[in-house]
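Letter by letter, the sequence shown follows residues 16 to 266 of this note's numbering.
Here's the structure we're looking at; comments come further down.
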Amino acid sequence: MAKKHKKHHHEEHVDESWLIPYADLLTLLLALFIVLFASSQIDSKKFMEIARAFNSVFTGGTGALQYLSPIEREEMDSVIKDSPNQKPYVKISKEEYEELKKIQSKFNEYVKTSQLSGKLSVAMTEEGLLVTIANDVLFDSGSADIKPQYRDVAKKISNLLVMNPPRNIVISGHTDNVPINNAKFASNWELSVMRAVNFMKLLLENTKLDPQLFSAKGYGEFKPIASNATAEGRAKNRRVEILIMPQEPAQ
């Protein structure tokens, strides 16, 4: 008898490799849709989220738009606000603007009556009300100690900073670009920081001020307001600034 040969049936496998580029295409389309949807009212938070989504797509990630936790959002905002090239924009209500103008008028009156014109100036900026004090009013060259004869100036300024409602205050120290050359300070960074701190401590001797609302910064020579090529410009750059932050509008 002839042997019956079993026929072997080979299953054909469908090539599914096309699914991978198709999935990538869908991911890209999703990212594009997100960009188009958000572009009409983009802000820093949205921009960073979108950027992270694109980064995930092009580096082999899932391509999904990742949700930022509140902690991550706060950290991201801090980096954006503290960037040296970033000009913070503060929304000021009409009422708050008028209040800051009243405070400015009080400072201007003090400058006039105390004959401090050219030594102390006040201006509204994008960040708030900025009071600028020339260094020679408060400090000797290369020193972070307040001149005894000008301690009364600091005390008068502290009285002007008593506000209702109280506002956040940032004290910043600035120098020119001439390197510091003494045993007390290694660089202009240290000098500018200590000038800001010492001035802030003197202001806070006024018990009507809340220390929790105060902070101090030192920028060294890296935020000039004039050219360091001339003696006059360097004198302008040696300064202490008081930034009175506006009250945030009610949500």
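Think of the CB as a built atom: it goes at the ideal place given N, C-alpha and C, for glycine as much as any other residue.
Measuring alpha carbon to alpha carbon, tell me which of 225, 113 and 214 ends up nearest residue 152.
Taking the sequence shown and counting its residues from 1, the one referred to as residue 152 is at position 137. When each option's Cα is compared against that of residue 152, the closest is 214.
Could you give the residue range of the alpha helix (DSSP H) that holds residue 210?
Reading the sequence shown from its first residue, position 195 is the one you call residue 210. It spans 203-218 - the alpha helix (DSSP H) in which residue 210 sits, taken as one unbroken run.
Name the one or two DSSP bridge partners that residue 254 has.
Along the sequence shown, read from residue 1 onward, the residue named residue 254 stands at position 239. For residue 254, DSSP records a beta bridge to 149 and 189.
Note down the Cα distance separating residue 263 from residue 177, rounded to an integer number of angstroms.
One-based indexing of the sequence shown puts residue 263 at position 248. One-based indexing of the sequence shown puts residue 177 at position 162. Using only the alpha carbons, I get a separation of about 18 Å.
Is residue 132 buried or exposed, if buried means 16 or more other CB atoms sit within 10 Å of its CB?
Taking the first residue of the sequence shown as 1, we reach residue 132 at position 117. The residue is exposed, with fewer than 16 neighbouring Cβ atoms inside 10 Å.
Note down the Cα distance separating residue 167 from residue 109, rounded to an integer number of angstroms.
What you label residue 167 is simply residue 152 of the sequence shown in a count that begins at 1. What you label residue 109 is simply residue 94 of the sequence shown in a count that begins at 1. Looking at the two C-alpha atoms, the distance is approximately 33 Å.
How many angstroms separate the CA atom of residue 235 from the CA atom of residue 117?
Taking the sequence shown and counting its residues from 1, one reaches residue 235 at position 220. Taking the sequence shown and counting its residues from 1, one reaches residue 117 at position 102. Between the alpha carbons of residue 235 and residue 117 lies a distance of about 31 Å.
Cβ-based burial, residue 261 [other Cβ within 10 Å; buried from 16]:
Locating residue 261 in the sequence shown gives position 246, counting from the first residue. Taking all protein chains in view, the Cβ of residue 261 is crowded by 16 or more other Cβ atoms within 10 Å, so the residue is classified as buried.
Could you check how far apart the C-beta atoms of residue 203 and residue 222 are, in whole angstroms? I think they sit under 8 Å.
Within the sequence shown, residue 203 is the residue found at index 188, counting from 1. Within the sequence shown, residue 222 is the residue found at index 207, counting from 1. No, residue 203 and residue 222 are not in contact; Cβ-Cβ is about 33 Å, not under 8 Å.
Where do the ends of the alpha helix (DSSP H) carrying residue 175 lie?
Indexing the sequence shown from 1 puts residue 175 at position 160. Segment 166-175, the alpha helix (DSSP H) holding residue 175.
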